[in-house]
Amino acid sequence: MPMGDIKYNSNVIMAKLGEIKGMLDTYSADERSAYEALLSAFSASEGDQATAVRNLLENEKQLVENMTSFYLELVNMLLEAKADIEKVEEEYSSDHLEKQ
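Residue numbers for the sequence shown follow this note's numbering, so the first one is -7 and each next one is one higher.
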């Protein structure tokens, strides 16, 4: 595969990662709002069933927040790795040109 194709594919992948990061940020905020609305609705209720539902919602909310945080960290790591790769490519090209 020619280097230009690799560079193009890399740029496409990084653009998609940027889109995913934006979607995760939006998803996280939307999900948090939805869970908060549900929790506030059940907070006014008393009884064992309301308590069970509140606990279930709290656990689900925490699970979603943890999952979203994990994927955001993963995307950030990939974006940082891309920057590192570009730096190494640039240094390699400079060294390679100097030797010729």
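For glycine and all other residues, C-beta sits at the position ideal for the given N, C-alpha and C.
Presumed contact (8 Å Cβ cut-off) between M6 and K74, rounded CB distance:
Counted from its first residue, the sequence shown places residue 6 at position 14. Counted from its first residue, the sequence shown places residue 74 at position 82. Taking C-beta atoms under 8 Å as the contact rule, M6 and K74 qualify, at a distance of about 5 Å.
Under the three-state DSSP convention, the category E38 falls into
On the sequence shown, residue 38 is found 46 positions in, with the first residue counted as 1. Assigned with DSSP and collapsed to three states, E38 falls in coil, not helix or strand.
Rounded to whole angstroms, what's the CA-CA distance from F62 to A42? Just pull it up for me.
One-based indexing of the sequence shown puts residue 62 at position 70. One-based indexing of the sequence shown puts residue 42 at position 50. Their Cα atoms are separated by approximately 30 Å.
Relative to the C-alpha of Y19, which candidate in L70, A44, N58 and N3 has its C-alpha closest?
Along the sequence shown, read from residue 1 onward, the residue named residue 19 stands at position 27. Relative to the Cα of Y19, the nearest Cα in the group L70, A44, N58 and N3 belongs to N58.
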